[in-house]
Each structure stands twice: as C-alpha cells, then as structure tokens.
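Visitor: Going by the working numbering, the first residue of the sequence shown is number 22, and it counts up by one from there.
Quick reminder that beta carbons are idealized off the backbone N, C-alpha and C, glycines included.
Since the structure is predicted, the reported quantities are computational estimates derived from the model, not experimental observations.
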Amino acid sequence: MIFNCKLKKVVDDTYDIEIGHGLQDKLISDLKNGLTGKKKFAVVTDSIVEPLYGRDIFNRITDAGFKTDLFVIPEGEKSKTRQMKEFVEDSMLEKGYRRDCAVIAVGGGVVTDLAGFVAGTFGRGVPFVNYATTLLAAADASVGGKTAVDTPLATNLIGIFNQPDKVYIDIDTWKTLPRVQISSGLAETVKHGCLGDRALFEYLEANVEKVLENDVDACEFISEHNCAVKYNVVMKDERESGLREILNLGHTVGRAIETVSDYRLYHGEAVSIGMVAQARLGEKYGYISEADRLRVETLLSRAGLPVTIPEYIDKAALVKKLYTDKKVRDGKLRFVFQKGIGDVMQFGENNFAKEITENEIAGIIAGM
Ligand code: GLY
22 MIFNCKLKKV VDDTYDIEIG HGLQDKLISD LKNGLTGKKK FAVVTDSIVE PLYGRDIFNR
82 ITDAGFKTDL FVIPEGEKSK TRQMKEFVED SMLEKGYRRD CAVIAVGGGV VTDLAGFVAG
142 TFGRGVPFVN YATTLLAAAD ASVGGKTAVD TPLATNLIGI FNQPDKVYID IDTWKTLPRV
202 QISSGLAETV KHGCLGDRAL FEYLEANVEK VLENDVDACE FISEHNCAVK YNVVMKDERE
262 SGLREILNLG HTVGRAIETV SDYRLYHGEA VSIGMVAQAR LGEKYGYISE ADRLRVETLL
322 SRAGLPVTIP EYIDKAALVK KLYTDKKVRD GKLRFVFQKG IGDVMQFGEN NFAKEITENE
382 IAGIIAGM
C-alpha cells in the first residue's frame with residue numbers, strides 16, 4: 022500500500038530590511054505590535070556587542086514588559102561552532118524557553134548566522150530578527166537567510182536557509198567598530214560593486230575613505246546599494262540553485278584562506294584576497310581587462326584590505342582547502358568570475374560558476 026502525503030507548501034517569507042540610525046525604539050515598537058507573534062525573547066549577542074548594544078536592547082525589551090534573557094557568546098569567528106549553538110540552546114532550555122519564544126540576534130555576522138540557525142532548529146523552528154551592528158552583517162550576513170556554523174573541516178557547510186522576520190541595519194553602531202571591521206565589511210561591499218552594481222563600485226572609487234571615516238551619507242549610500250544587490254539576487258534564487266552562487270565571488274579562495282589562517286584574517290580580509298585571485302584568473306580567461314583588475318585591487322587596498330597572501334599562509338594547504346568549498350561538484354573546483362566591473366560571467370543556463378583545474382588556481386596563488 023502507498024500513502025501519498027500531499028504536502029505542497031506555499032511559503033511567504035517576505036520581510037523588511039530597515040536601514041536607519043538608532044533603531045532600538047523601532048525594534049521595541051515592532052515587537053509590541055506583534056512582529057514575531059511572540060512575547061518572550063532570547064537576545065543572543067557576543068561579548069563585545071553585549072556592553073555596547075546587546076544589554077541595552079535586553080533592558081528595553083524588559084522595560085516593555087516582555088520576558089527576556091540575554092545569551093552572550095565569546096566574540097569572534099571561532100564562536101560559530103556546533104558547540105556554541107548547543108551552549109545557546111541548552112541555556113535557553115534551562116531558562117524555560119520552549120516554542121513560545123523568538124530569537125533576537127544583536128551583533129555581526131557570527132551572531133546572526135549562529136542565532137538564526139538556533140532559531141531554525143529550536144523547537145523545530147521559532148521566529149527571529151536580526152539587529153545588525155557591523156558593516157559586514159549589514160552588507161551580507163544578516164540579509165538573505167543563510168544561517169550556519171563552521172566545523173574544523175569546512176566553513177558554513179552545516180546550516181539551514183532560514184529567513185528572519187525583520188532585519189534592522191543600524192548605521193550608528195558602526196561608530197564603535199574598529200577600522201579593521203569597517204574594512205572587512207567593505208570587502209563585501211566592493212564584491213557587490215564588482216558583481217552587480219557598477220555605480221556602487223564607482224561611488225566607492227570616489228568615496229571609500231568617507232566610509233572609513235564614518236561619513237553618514239557615504240554609509241547610507243553603501244547600505245542601500247548593498248541591500249539592493251543582495252536581495253535582488255536572493256529574491257530570484259533563495260536556495261542557491263544557480264544565480265545566488267554569484268554572491269560567492271571571491272569566497273572560494275577567501276573562505277579557504279580564512280580557515281588556513283586559523284581566523285587570523287577577518288572574513289572580509291580573506292574575501293579581499295579571494296577577490297584578487299578570481300580577478301587575476303579572470304584576466305587570464307579574458308573576463309576582465311588588466312585595467313579593471315587593477316581598479317579592483319587598488320580599491321581593495323584603499324579600503325584597508327590585503328591584496329596579497331600573508332607569508333605565514335601555507336600555500337599548498339590553501340590549495341587543498343579549496344576543495345571544502347560548497348560549490349565543488351564531483352570533486353571539481355568551481356569559481357565565480359566577475360565580468361568587467363558590475364557584472365558576472367554566466368557559463369550556461371542557470372550556471373554562474375566555471376570548473377577550473379587545481380593547477381590554474383595554484384598558479385595564481387603562487388604568484389600572490
Ligand atoms: N553570503 C553569500 C550569500 O548570502 O549567498
């Protein structure tokens with residue numbers, strides 16, 4: 022006998038991304054107005070963001086009359102682990118959290134990736150919102166619903182697609198970011214310019230120092246353009262069946278070098294080196310001119326980012342690590358390439374990544 026379980030789903034994961042300055046009051050009024058449909062909130066933050074913004078948001082939620090607790094993880098990429106997810110989950114269980122709650126992630130990409138994953142599996146799924154406090158989270162991590170943890174063997178391979186109920190991008194919080202973190206976020210911003218927004222790239226060529234100096238107009242401009250590039254891709258291919266792979270530009274070498282450096286390099290610093298690697302290989306294939314490739318390298322440098330591989334990196338280990346990339350198919354490396362400035366190469370219907378040989382990329386890495 023066969024039972025045919027009809028489970029066709031129509032899902033509406035529409036949500037707002039609000040960009041502004043000091044959005045804490047807005048968050049509280051949204052929660053009061055039933056944004057998540059819950060009245061109990063697990064605020065997840067890290068040890069750096071907690072005294073700056075996490076505790077304040079926790080206090081405001083308490084003052085609004087809701088039940089809430091603060092869950093603080095150690096800052097840094099090394100916290101994006103299964104063990105830390107377990108720590109947050111167990112702490113929530115101990116405090117009596119069940120399905121009657123929502124998760125509020127307050128922080129950068131590590132916090133939003135981890136908390137979004139916790140929310141997606143806690144009680145088989147509870148709502149969550151992201152309150153992004155870094156340029157990196159604003160440019161990339163907090164938008165698009167990718168949540169994950171890293172493992173010793175690969176980054177971001179254990180996770181789920183889980184869209185938040187809302188994303189708050191509070192530009193005022195960037196004032197407390199060290200410059201290296203602004204630079205790190207700028208790597209994802211340059212990436213967006215390279216792959217889909219020539220105007221953003223040219224704006225950065227004219228104004229990148231203004232972003233480093235926290236100029237309000239410049240920060241607003243890049244926030245809006247980052248979001249537009251990202252959500253336009255995500256809306257077309259949420260589950261990365263093709264187009265969304267373009268957001269991986271620079272990440273094949275980038276993710277590998279980040280791991281091989283044992284996270285001495287910030288995510289954006291590693292992506293910057295990866296951007297240079299794809300542009301240099303792309304130049305060999307004729308996908309980008311030498312002049313445009315140099316523009317990319319110059320802009321990344323001006324953003325305070327590395328464009329060469331630090332000498333402490335073992336290049337043979339780096340090449341091996343490339344195989345942990347999620348775009349690998351049948352054991353073959355696949356790379357996304359920019360097409361000039363503001364576009365990407367397409368290699369067939371719904372295929373935006375080209376198979377390349379290990380020798381080709383090893384040659385580029387050797388020369389960096
Ligand atoms: N960070 C790449 C993506 O969201 O697809």
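Take Met389 and list the residues in its own chain whose beta-carbon comes closer than 6 Å to its own, dropping the five residues that flank it on each side.
Guide: Thr329 and Ile330
Visitor: As a quick exercise: from Ala277, His42 and Ala374, pick the residue whose alpha carbon is nearest that of Asp346.
Guide: The residue with the shortest Cα to Cα distance from Asp346 is Ala277.
Visitor: Whole angstroms are fine: how far does the CA of Ala63 sit from the CA of Gly146?
Guide: 13 Å
Visitor: Spell out the partners DSSP gives Ile78 in its beta bridges.
Guide: For Ile78, no pairing in a beta bridge is given by DSSP.
Visitor: Look at the Cβ atom of Leu216, then the Cβ atom of Ile181, and state whether they are nearer than 7 Å.
Guide: no
Visitor: Pick out whichever of Asn228, Asp37, Ile192 and Phe108 has its Cα sitting closest to the Cα of Val139.
Guide: The residue among Asn228, Asp37, Ile192 and Phe108 with its C-alpha nearest the C-alpha of Val139 is Phe108.
Visitor: Just grab the DSSP bridge partners of Gly41 for me.
Guide: Asp191
Visitor: Roughly how many angstroms separate the alpha carbons of Val131 and Lys336, rounded to a whole number?
Guide: 26 Å
Visitor: Kindly indicate the opening and closing residues of the beta strand (DSSP E) around Asp90.
Guide: Lys88 to Ile94
Visitor: Please determine, among Leu354, Asp33, Thr319 and Phe87, the residue with the shortest C-alpha to C-alpha distance to Ala208.
Guide: Thr319
Visitor: Give the range of the beta strand (DSSP E) segment to which Arg355 is assigned.
Guide: That run of the beta strand (DSSP E) goes Leu354 to Phe356.
Visitor: Quick one: does the C-beta of Leu268 sit closer than 6 Å to a heavy atom of ligand 1?
Guide: Leu268: yes, Cβ under 6 Å from ligand 1.
Visitor: Tell me whether Leu114 is buried or exposed, calling it buried when 16 or more other Cβ atoms sit within 10 Å of its Cβ.
Guide: exposed
Visitor: To the nearest angstrom, report how far apart Met256 and Arg200 are at their CA atoms.
Guide: 32 Å
Visitor: Compute the beta-carbon to beta-carbon distance between Ala160 and Asp191, rounded to the nearest angstrom, for a pair I have assumed lies under 8 Å.
Guide: A Cβ-Cβ separation of about 14 Å leaves Ala160 out of contact with Asp191 under the 8 Å criterion.
Visitor: Judging by CA-CA distance, which residue of Ser112, Leu286, Glu370 and Val297 is the nearest neighbour of Ile94?
Guide: Ser112
Visitor: Anyone know if the C-beta pair for Leu48 and Tyr189 falls short of 7 Å?
Guide: yes
Visitor: What ranges does the alpha helix (DSSP H) occupy inside the segment 324-386, keeping only unbroken runs of at least 4 residues that lie completely in it?
Guide: As far as the segment 324-386 is concerned, its whole alpha helix (DSSP H) runs of at least 4 residues are 336-342.
Visitor: Could you tell me whether the Cβ atoms of Gly38 and Cys248 are closer together than 7 Å?
Guide: The question names Gly, but residue 38 in the sequence shown is Ile. Yes, these two residues count as a Cβ contact at 7 Å.
Visitor: Would you say the beta carbon of Arg76 is closer than 6 Å to some non-hydrogen atom of ligand 1?
Guide: For ligand 1, not one heavy atom lies less than 6 Å from the Cβ of Arg76.
Visitor: Whose CA, out of Lys341, Val232 and Glu381, lies closest to the CA of Lys305?
Guide: Glu381
Visitor: Out of Gly361, Lys342 and Gly137, which has the shortest C-alpha to C-alpha gap to Gly352?
Guide: Lys342
Visitor: Do Thr57 and Pro148 have their CB atoms nearer than 7 Å?
Guide: yes
Visitor: Taking a contact to mean a Cβ-Cβ separation below 7 Å, would you say Gln367 touches Phe373 in this structure?
Guide: yes
Visitor: Should Arg265 be counted as a contact of ligand 1 given a C-beta to heavy atom distance under 6 Å?
Guide: yes
Visitor: When DSSP labels each residue in this structure, what does Thr57 get in the three-state scheme?
Guide: Here DSSP, grouped into helix, strand and coil, assigns Thr57 to coil.
Visitor: Pull up the distance between the alpha-carbon of Val31 and that of Leu339, whole angstroms please.
Guide: Taking the straight line joining both Cα atoms gives about 42 Å.
Visitor: Under 6 Å from any heavy atom of ligand 3, does the C-beta of Lys167 make it?
Guide: Judged by which ligands are present, ligand 3 is missing from the structure shown, whose ligands are ligand 1.
Visitor: Pick from Val211, Ile179 and Ala85: whose alpha carbon is nearest that of Asp364?
Guide: Val211
Visitor: Could you check what DSSP says for Ile23 in three-state terms: helix, strand or coil?
Guide: coil
Visitor: Which ranges would you report for the alpha helix (DSSP H) in the segment 205-247 if only whole runs of at least 4 residues count?
Guide: If we require 4 residues or more, the alpha helix (DSSP H) runs fully inside the segment 205-247 come out as 219-233.
Visitor: Going by DSSP, what residue range makes up the beta strand (DSSP E) through Gly128?
Guide: Ala123 to Gly128
Visitor: Would the C-beta of Asp34 count as close to ligand 1, meaning under 6 Å from any of its heavy atoms?
Guide: Outside the cutoff, so no.
Visitor: Taking the straight line between their C-alpha atoms, what separation do you get for Gln104 and Tyr224?
Guide: 41 Å
Visitor: Who are Lys30's beta bridge partners in DSSP?
Guide: For Lys30, which the question treats as bridged, DSSP gives no partner whatsoever.
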